[in-house]
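Protein chains in written order, with my numbering: chain A, 67 to 401; chain B, 67 to 401; chain C, 67 to 401.
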Amino acid sequence: MKRTLQEISDAVGASLRGDGSILVGAVASIAGAGPEDLVFVEDEKHLSAALESRAGAVIARAFAADMSCKPVMLSDHPKLAFARAARFLRAGSIRDGAHSLAHETAVVDRSATLAAGVLVEEFAVVRGSVSIGENTRIGASTFVGAGVKIGRDSIIYPRVTIYPGTTIGDRVIVHAGAVLGSDGFGYVRDPENGRYEKFPQVGRLVIEDDVEIGANTTIDRGALDETRIGRGAKLDNLVHIGHNCLLGENVVIAAQTGLSGSIVIENDVVLGGQVGIGEHARVEEGVMLGGQGGILPNKVLRGKGVVFWGTPAQPVRQYLKQLAALARLSRKEKK
Amino acid sequence: MKRTLQEISDAVGASLRGDGSILVGAVASIAGAGPEDLVFVEDEKHLSAALESRAGAVIARAFAADMSCKPVMLSDHPKLAFARAARFLRAGSIRDGAHSLAHETAVVDRSATLAAGVLVEEFAVVRGSVSIGENTRIGASTFVGAGVKIGRDSIIYPRVTIYPGTTIGDRVIVHAGAVLGSDGFGYVRDPENGRYEKFPQVGRLVIEDDVEIGANTTIDRGALDETRIGRGAKLDNLVHIGHNCLLGENVVIAAQTGLSGSIVIENDVVLGGQVGIGEHARVEEGVMLGGQGGILPNKVLRGKGVVFWGTPAQPVRQYLKQLAALARLSRKEKK
Amino acid sequence: MKRTLQEISDAVGASLRGDGSILVGAVASIAGAGPEDLVFVEDEKHLSAALESRAGAVIARAFAADMSCKPVMLSDHPKLAFARAARFLRAGSIRDGAHSLAHETAVVDRSATLAAGVLVEEFAVVRGSVSIGENTRIGASTFVGAGVKIGRDSIIYPRVTIYPGTTIGDRVIVHAGAVLGSDGFGYVRDPENGRYEKFPQVGRLVIEDDVEIGANTTIDRGALDETRIGRGAKLDNLVHIGHNCLLGENVVIAAQTGLSGSIVIENDVVLGGQVGIGEHARVEEGVMLGGQGGILPNKVLRGKGVVFWGTPAQPVRQYLKQLAALARLSRKEKK
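Right under this line is the structure:
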């Protein structure tokens, strides 16, 4: 849906210079932009390229205030304003206020409750006692198990599996192939015959508001209690979260990272890709752990803004010193 | 389904103290238990919390023999007895003896054989010459390729893909999104043009009895012969098993571990999460390899009960000594 | 479909010794072959086993020229000839020239274009403005988003998700559970409240001809521009490719390897399993990186045919020397 530059400027909190009646419909890169696209510039050195592009308007910082060849939206945080503008332009396509609509091929149990604006796509299965909030979309071939609750304005992409009893908040995005609420990995070995007896996995999974979950990511339910993904957490593709993990708010986890069971990740933690964390470990508020890093079971990582790296994870400066010391040792031996 | 404490005690081989006529219907954690729930205590220090909880009964060792405020089931292995009790309580909900039932939306080929008690859920596809044993459940949107054989009392969760010709045993559990029997990763480079010609992947996959396979795990078929997952193996989520791997009995593999081709994993091996193993390697009986460990191609890891760690994998004590030596070297250089 | 040895020899460019009228229908391993199977031998020491097997014919190098107990196809590259023979035998089962056929349960939008020979299986969804080339197969429960283009002779296995706007070339194979064109992982943090605003992910994904993509692999679309997988690239299972990555031709990536955003992988690069690469890194033509290796953000790896290993990735000889130096240091300290 197209919007005027003035509408967009107001929506994102920018200050407009130029013709506010011009319509734009999308965001784009500088190289790919057309006349109805919006672009942004973080760094002044890219400003001339943006102004010379085919874009309809540019979001930039104060350094662009005096440019007049194109409309400019001034913001202290151009990239943030650009992201907000993209959301504002997307919002026009939401089915707000419409009746709920299930495709004729979808199988929705009679006891499920679909709020206004809900869309259930082809071959989706919605089992008994499910409740789905306003404007939420359930993608094609997605499975929503009995008793699941999903909030409003959420997008569940095609081919997601949501095990029974899982709770999902508002404005949550779940990408294709994700599996939410599957059994945790827990067994008890029988000392007599060496076989593994399955430990019950009858807890649940709670995903709070504003979480985004990547494609083919898997999150297990609690064994007896719950697994919880805190508000605003962002999980990339192919991430694994084991049973009984508790993630705080605004946690960021890059692709292919794995958490085994009963781990606590506090608010504002950032985990790189392919990180592995052992059971019962704790990562305290604001810690950052670089890609492929590892934390041993029961360990605690602490320090707001401290960057860790390696396995076992250490402060990055210490880790780099060790790498350098090893390289010197190896060179010295060669002589 | 609810059962009396006496029935449960008998089923799990515990010795009951207290009123055997009390009904319980589920297992729970001490914190979350209600009056119809069963809890367990491994460590005496948690006994008072269990007795003071709302739980209907407690499973514990002999240290709880003289408690009278609640019924107690005595067992030398409380956690194992608790896991068995959970299985016993679940068992009441199985469709034993009923006719097979395919949801009206499922597409089941006429040449497929479904035994008594089989349940085929919404949008499942069951192709020609498939045979499915008693009481096995095929989840919604699961695909069962031509010629697949699945044993009895197995649970295939929604959205699993089983490639043609795969064989699955009894009491197997396959979680959502798993892919079983896909093509292995094998190519032959054409020296003239540098392109890769696909090597045929026409073998098969055999999964023996009592195996559990995690969500979104992938197991490739053999190239010309077979890939085999031995009886009682437990694979976590997002695990990858390459073509022609042979896994023994009671093997445990944690999340995101990957085996490339033609690897032998003998009985009772335990692999931590994110382990990587190169082609033609062999891990002998009873070896344990810690998380993120790596084994080079063609290598053999040997030693019942020996714990290995690191890449290349070494006995854990040796690996820890090297880490300590490196830390000391780095500190010394700093001075 | 069965073919004569003469037909196969001609098709793969081998030189036949023996009865060219014999029919074979499949390829097999020496141990598993029957009289209508073809086997191959790379190494002369396996020749007698091949000749004594039940196979109908053997592909081998010149060392087999004088054998007369079985028909022999001589080739300088027996494994390559064998792979080509397998392809030639498979080709007989393609629906070339037939009308396109969509299963009665599939939902195909009226504006979609299906060329001759296209097969759309059970519960597949094909949205508006999709175009699918000749003889391409769309597997059961696969989702093809609006505007997707797929070339000819491609196989999309069951339960694949293709996000809107993705382009896929000719002779592409996509295994079950793969997710193509999902949103990249990009956010802008709001300095006022610490929350993450989603950066727009509105670019696209292009997959060129002759690519094969493994089960449950995920490839993100570009944020604003494109992600591209070059001609002939082979990706194993559970691989992750982030937004805006550009892969060259004949790139090989083993299982569970992950590329974060905006990475360039040039032609003929080989990445082992569980490799992790940081954003904006570049791997130049012909580099090989061993399993579990890691490349830091913004780094460049260079050297045709050079093998790298470790994190951060180093030439393998240098890395092995460091491992050896560390082992010696540790042993010395022990004394």
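All residues carry an ideal CB built from backbone N, CA and C; glycine is no exception.
By the Cβ neighbour-count rule, residue 152(C) is buried, with 16 or more other Cβ atoms within 10 Å of its own. Contact note: residue 145(C) reaches chain B through 254, using a C-beta cutoff of 7 Å and chain order. Close CB contacts of residue 348(C) within its chain, under the 6 Å cut and outside five residues either way in sequence, are with 330, 366 (chain order).
The DSSP-derived three-state label of residue 73(A) is helix. DSSP, read as helix, strand or coil, puts residue 257(B) in coil. With 16 or more neighbouring CB atoms inside 10 Å of its own CB, residue 294(B) falls in the buried class. The Cβ of residue 382(C) sits no closer than 8 Å to any Cβ of chain A. Ranking 195(A), 378(A), 289(A), 296(A) by CA distance to the CA of residue 96(B) puts 289(A) first. Within its own chain, the residues whose Cβ lies closer than 7 Å to the Cβ of residue 171(C), once the five positions on either side in sequence are excluded, are 188, 189, listed in chain order.
Around residue 92(C), the same chain offers 103 as residues with beta carbons nearer than 6 Å, after the five sequence neighbours per side are excluded. Assigned with DSSP and collapsed to three states, residue 365(C) falls in coil, not helix or strand.
Among the residues facing chain B, residue 230(A) is not included, as its CB has no counterpart in that chain under 8 Å away.
In terms of beta-carbon proximity, residue 241(A) lines the interface with chain C, with at least one pair separated by less than 8 Å.
For residue 137(A), the closest of 147(A), 117(A), 128(A), 144(A) by C-alpha to C-alpha distance is 117(A).
Residues of the stretch 120–143 of chain A with a C-beta less than 8 Å from any C-beta of chain C: 143, listed in chain order.
Fewer than three Cβ pairs drawn from the stretch 382–392 of chain A and the stretch 105–116 of chain B lie within less than 8 Å of each other, which leaves the two stretches out of contact. In the same chain as residue 196(B), and ignoring 5 residues on each side of it, the C-beta atoms closer than 6 Å to its own belong to 178, 210, 214, in chain order. Residue 348(A) is outside the set of residues whose beta carbon lies under 8 Å from a beta carbon in chain B.
The beta carbon of residue 189(C) falls within 8 Å of a beta carbon belonging to chain B, placing the residue at that interface. Annotated as distal: residue 279(A) and residue 304(A), with beta-carbon spacing of 8 Å or more. Non-local beta-carbon contacts of residue 94(B) in its own chain, meaning distances under 8 Å to residues more than five positions away in sequence, involve 100, 103, 104, 105, 121 in chain order.
The beta carbon of residue 291(C) sits closer than 7 Å to those of 269, 310, all from its chain and outside the five residues before and after it, given in chain order. Secondary structure note for residue 294(A): its beta strand (DSSP E) is the uninterrupted segment 292–295. Between the stretch 215–234 of chain C and the stretch 247–261 of chain C there are three or more inter-stretch CB-CB distances shorter than 8 Å, so the stretches are counted as touching. Less than 8 Å divides the Cβ of residue 357(A) from the Cβ of residue 341(A). Chain order gives no chain A residues near residue 181(C), where near means a beta carbon separation below 8 Å; the closest approach is about 23 Å.
Counting along the chain, residue 145(A) sits inside the alpha helix (DSSP H) bounded by residues 144–157. The DSSP-derived three-state label of residue 120(C) is coil. At a cut-off of 8 Å between C-beta atoms, residue 290(A) counts as an interface residue with respect to chain B. Selection 243(A), 263(A), 351(A), 221(A) evaluated against residue 260(C) yields 351(A) as nearest (Cα-Cα).
Of 131(C), 156(C), 109(C), 184(C), the smallest CA-CA separation from residue 77(C) is found for 156(C). Per DSSP, the beta-bridge partners of residue 262(B) are 255(B). DSSP places residue 273(C) inside the beta strand (DSSP E), whose first and last residues are 270–273. If you check each beta-carbon in the stretch 206–235 of chain B against every beta-carbon of chain A, the ones closer than 8 Å belong to 206, 207, 223, 224, 225.
Across the stretch 297–309 of chain C, CB contacts with chain A closer than 8 Å involve 304, 306, 308, in sequence order along the chain.
Within its own chain, the residues whose Cβ lies closer than 8 Å to the Cβ of residue 378(A), once the five positions on either side in sequence are excluded, are 360, 361, 362, 365, listed in chain order.
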